[in-house]
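Colleague: Just dropping this structure here.
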Amino acid sequence: EADIYQTPRYLVIGTGKKITLECSQTMGHDKMYWYQQDPGMELHLIHYSYGVNSTEKGDLSSESTVSRIRTEHFPLTLESARPSHTSQYLCATGLYNEQFFGPGTRLTVL
Amino acid sequence: SQQGEEDPQALSIQEGENATMNCSYKTSINNLQWYRQNSGRGLVHLILIRSNEREKHSGRLRVTLDTSKKSSSLLITASRAADTASYFCATDKGDYKLSFGAGTTVTVRA
C-alpha cells in the first residue's frame, strides 16, 4: 500500500543537539514538502522539492536544511536544536494539485 | 504569508446538523482545496475546486467558490461524530505550493 512515513513520531531533545526528521514515501511522487505547524495554527511551508537533487526554501524562514538524494526520501535536519524549534513537522507529497500528508513528528526541545 | 483565513475559528454542533465554514483569501488563485486534520495527525485532502468552478459536491461535502469576493465555503451535511476535526482551506496559485489558513475546529456532539 502506498504511504508516507515519518519517524520519529515524537521526539524530546535537549538544546544544542543535532536532529534529523525522516520522511519517506512509497507513492512515487516527485513533489515533496515540509511544513511546520504550531498547535491550533496554520501550516507554514518551510521546504519543498520537485525532484531528486532539487530543494527550495519555503515561505517561512527556517534554520533547518533538507536533502533529496532519492525520490522516496526527504529528510529534514536541524544542526543545533533550540526551544524555538518546538513544533509539529509535517511531511507531504504532491501529485498534480493534491497533497498527501504523513502523520507528523512532534518535536519538543528542552 | 497567510493566504487563507477561516471563519469561524471554532464550531460546535449536534450530530445530524449541518456545519458551514468560510475561507477568505487575498490574491488570485488557480484552485482552492479543503483538508481535514484529526487531532495531532496529518491532513487529509477532502475536495478541490478550480478557479473557473463555482460549486462542487463530494458525498456530504459541498464547496462553493466566489472569486470576485475571494471567498469559499465548505458545508458538511448531516454531521457525524467522526466529522470532529479541524478543517483547513488551502490556496494554490498554480505553482504546486499551498498556503493554508488557521483552520476551523469543528466539534460534533452526540
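So the sequence lines, in the order shown, correspond to chains R and V.
Heads up: the first sequence at position 48 corresponds to 48 in my numbering, and the numbers run straight through without jumps.
Heads up: the second sequence at position 33 corresponds to 33 in my numbering, and the numbers run straight through without jumps.
Every residue gets a Cβ at the ideal spot worked out from N, C-alpha and C, and that includes glycine.
On the CB-based measure, 16 or more other CB atoms within 10 Å of its CB, does R:G105 come out buried or exposed?
Modeller: For the purposes of this step, residue 105 of chain R is taken as the residue at position 105 of the first sequence. Note that residue 105 of chain R is Thr in the sequence shown here, rather than Gly. Flag for R:T105 reads buried.
Colleague: Using a beta-carbon distance cut-off of less than 9 Å, what residues from the segment 90–101 of chain R approach chain A?
Modeller: The structure shown contains no chain A; the protein chains it does contain are R and V.
Colleague: At a CB-CB cut-off below 7 Å, which residues of chain R make contact with V:K97?
Modeller: Locating residue 97 of chain V in the second sequence gives position 97, where the first residue counts as 1. Correct list: L45, Y48.
Colleague: Got a sec: is the Cβ-Cβ distance from V:S1 to anything in chain R below 9 Å?
Modeller: To locate residue 1 of chain V, count along the second sequence from 1; it is residue 1. Reliability of the predicted coordinates at V:S1 is poor, the pLDDT of 45 falling under 50, and the value obtained from them is presented with this limitation in mind. V:S1 counts as touching chain R.
Colleague: Quick one: which unbroken alpha helix (DSSP H) runs of 4-plus residues sit fully inside the segment 38–110 of chain R? Chain order, please.
Modeller: With a minimum length of 4 residues, no continuous alpha helix (DSSP H) run stays inside the segment 38–110 of chain R.
Colleague: Do the segment 2–21 of chain V and the segment 94–101 of chain R touch if we need at least three Cβ pairs shorter than 8 Å?
Modeller: Touching, no.
Colleague: When the distance is taken between beta carbons, is R:D30 closer than 9 Å to R:L45?
Modeller: Against the first sequence, residue 45 of chain R aligns to sequence position 45. Against the first sequence, residue 30 of chain R aligns to sequence position 30. Result no, Cβ atoms of R:L45 and R:D30 do not sit closer than 9 Å.
Colleague: Leaving aside the five residues before and after V:R60 along the sequence, list all residues of the same chain whose C-beta is less than 7 Å from its C-beta, in chain order.
Modeller: Indexing the second sequence from 1 puts residue 60 of chain V at position 60. Only I76, T77, A78 meet the Cβ criterion.
Colleague: DSSP three-state call for V:A110: helix, strand or coil?
Modeller: Mapped onto the second sequence, residue 110 of chain V falls at position 110. Residue state, collapsed to three classes: coil.
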